[in-house]
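Worksheet: the structure to be examined is printed underneath.
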Amino acid sequence: MATIEMTGIARDPEGFLTDPAQWNEDVAETIANEAGITELTPRHWLVVNYMRDTYLSAGEAPSIRSLGKESGVQIKELYVLFPKGPAKLAAKIGGIPKPHGCI
Amino acid sequence: MAKNIVILGGGTGGTLMANRLRKLFDRDEAEIAVVDKDDRHIYQPGLLFVPFGLASVDEIVRPRARQLHKGISFHETGIDHVELEADAVHLENGTTLPYDVLIVATGTHLQPEETEGMIGPGWMEKVFTFYTPEGAAGLAEALNGFDGGRLVINFIDLPIKCPVAPLEFAFLADSYFHECNVRDNVEITFVTPLDGAFTKPVASELLGSLLAEKNIEVVTEFNTGEVDGVGGRLVSYDEREVPFDLLVTIPLHGGADYVNRSPGLGDALGFVPTDPATLQSKARPNVFALGDATNVPTSKAGSVTHFEGELLTENVRRFLAGEPLDASYDGHANCFIETGFDKALLIDFNYETEPLPGRYPTSLGPMQLLHESRLNHLGKLMFQWMYWHVLLPGRAIPGISPRMTMAGKKAVETNA
């Protein structure tokens, strides 16, 4: 899969893009690779795109529960696709800021 | 002609709004109706004490209708749905209530069925929640017979009501087992989906060290996928396991069911998208929301609802008078955190400012912020009286502003 040189792309200390406009599919694949995901399948893209579209339209990334209800992928599978923290990892790959959990 | 104000929910927010609005408007200016499916108003902070025999369910439940002032009509029935286009609420008993202003105050509800296995075998035997009167009473019996083993306290995911309550439960359990002289036989484990004891860095550090001091083990970033009540196992989505003999869990929370049956009113979880500064819903200009029913980014807690109530009363007045809304709600929340052995902490914060140490309400005190004291514990106990006699009738608490103030607070450097 395509990995690219990430120089010039602004990221926070945890690796989240600080400007969603700098994102493209190659950036997504490169970040996925860093996180140990060797290939972004259509199931991955379903989640990543849903995450990104929601953030860009609503200004807020969905929580893991909303993802499980609305992305078309159940929570169990989300953990298989994006090990450890699906919401965080999908946000990182989707080039949007780290979702801040509610209180 | 009198305007119709319909308030959905007769809990903390619905009751205090109805009483405040009744004081504001004469009878010929506004009719006020409150709808709730039952007549049991629960003082929810009291549920924490029931499992330890420090309160009984009877002491914390009163009739809803009796908390409402004269001139407010109470409809004891479920809500079928809200028809936003028609400015009307359809009730389960067949009544339709048209409104000029709708206030959603139906809170948040437990969804134990959303977690695999939670309400399966073992539920109410060795798997309990203290977030319902039945669960809290059942847990009191279970704790009474518990003289050793693994006690696990866990919440599945945020948002939950009173996010500090699971921690308080852990602290009180430690204190309870000490008093029963069995603490050495009990392992207490706190299992959280967060990466620390609490959501906010300064308080998280302090609460984390209190847990360590009390020998309560903490398991972080644990996203519960399954509860195995028979085998006594909590299983995470990434396949870690925490064994238990007694599990105290806080199920997932969502909005009231009718929200999902009301097109355009709620989000995926049944909460009402609400402007965080004005409390006007995003659904319609004449629909407002407060308390646990909203999606505003602050704690789901009675103090929040109380502070919101003052601003929302003003905004209902402005809306009906055709004036611009007051956009000054700042997310102010405060809560006492029981830490066991008759002590408590106090925290005070808002959307922008995390809980900080210092004194409260001003630099002269008398309360201390983020510091264990007996006075804070007495404050928590006294609050039950304040709830029924000051907060629900819609009075302000003397010396406590609805907006957070920095008076008495000290800034802190954190490692987080």
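Residue numbers (the working numbering), protein chains in the order written: chain X, 14 to 116; chain V, 97 to 512.
The beta-carbon is built from N, C-alpha and C at its ideal position, and this holds for glycine as well.
Source: prediction; values computed, not measured.
| query | Hey, is V/Y333's beta-carbon within less than 7 Å of any beta-carbon in chain X? | reply | Answer yes: the Cβ-Cβ gap between V/Y333 and chain X drops below 7 Å somewhere.
| Are the beta-carbon atoms belonging to V/I443 and V/E264 less than 7 Å from one another? | In this structure, the beta-carbon distance from V/I443 to V/E264 does not fall below 7 Å.
| task | Run down chain X in chain order and give the residues with a C-beta less than 8 Å from the C-beta of V/D253. | result | S76, I77 and R78, listed in chain order.
| message | Is there a C-beta anywhere in chain X that falls below 7 Å from the one on V/A512? | response | Note that V/A512 scores 42 on pLDDT, short of 50, meaning its location in the model is unreliable and no value can be drawn from it.
| request: Specify, as a first and last residue, the run of the alpha helix (DSSP H) that V/Y333 falls within. | output: Element bounds for V/Y333: n/a, residue is neither H nor E.
| query | For V/V326, which residues from the same chain have a beta carbon less than 7 Å from its beta carbon, with the 5 sequence-adjacent residues on both sides left out? | reply | The beta carbon of V/V326 sits closer than 7 Å to those of P217 and G218, all from its chain and outside the five residues before and after it, given in chain order.
| Inter-residue Cα distance where the pair is V/G592 and V/P453 | Residue 592 of chain V lies beyond the range of chain V shown here (97 to 512); nothing can be said about it.
| Cβ-based contacts, 8 Å cut-off: residues of the segment 342-367 of chain V near chain X | Residues L348, D363, A364 and L365.
| Member of V/Y227, V/K222 and V/T228 whose CA lies at the smallest distance from the CA of V/N240 | The residue among V/Y227, V/K222 and V/T228 with its C-alpha nearest the C-alpha of V/N240 is V/K222.
| request: Please determine, among V/I199, V/F367, V/V197 and V/D176, the residue with the shortest C-alpha to C-alpha distance to V/G190. | output: Measuring C-alpha to C-alpha distances from V/G190 to each of V/I199, V/F367, V/V197 and V/D176 identifies V/D176 as the nearest.
| said: By the DSSP assignment, the beta strand (DSSP E) with V/R246 in it spans what residues? | reply: Start and end: G245 to F251.
| message | Rounded to the nearest angstrom, what separates V/Q140 and V/S152 at their Cα positions? | response | Rounded to whole angstroms, V/Q140 to V/S152 spans 12 Å at the Cα level.
| Can you find at least 3 beta carbon pairs, one from the segment 331-341 of chain V and one from the segment 157-175 of chain V, that sit closer than 8 Å? | Here the segment 331-341 of chain V does not lie against the segment 157-175 of chain V, with fewer than 3 beta-carbon pairs under 8 Å apart.
| Where do the N-terminal and C-terminal ends of the beta strand (DSSP E) with V/V130 fall, by residue? | Following the DSSP letters along the chain, one finds V/V130 inside the beta strand (DSSP E) bounded by residues A126 to D132.
| request: Spell out the partners DSSP gives V/W219 in its beta bridges. | output: Looking at the DSSP assignment, V/W219 forms a beta bridge with V/V223.
| field | Interface positions of the segment 303-331 of chain V facing chain X (Cβ-Cβ less than 9 Å), listed along the chain | value | Within the segment 303-331 of chain V, contact with chain X at the beta-carbon level (separation under 9 Å) is assigned to E317, N319 and G321.
| Per-residue DSSP class, three states only, for V/T108 | V/T108 falls in the helix class under three-state DSSP.
| query | Is there contact between the segment 102-111 of chain X and the segment 383-394 of chain V, where contact requires at least three CB pairs shorter than 8 Å? | reply | No: fewer than three Cβ pairs fall under 8 Å.
| query | Which residues, in chain order, does the segment 83-103 of chain X contribute to contact with chain V at a C-beta distance below 7 Å? | reply | For the segment 83-103 of chain X, which is checked against every Cβ of chain V, the residues closer than 7 Å are E83, I88, K89, Y92, P96 and K97.
| Does DSSP classify X/N37 as helix, strand or coil? | Reduced to three states, the DSSP call for X/N37 is coil.
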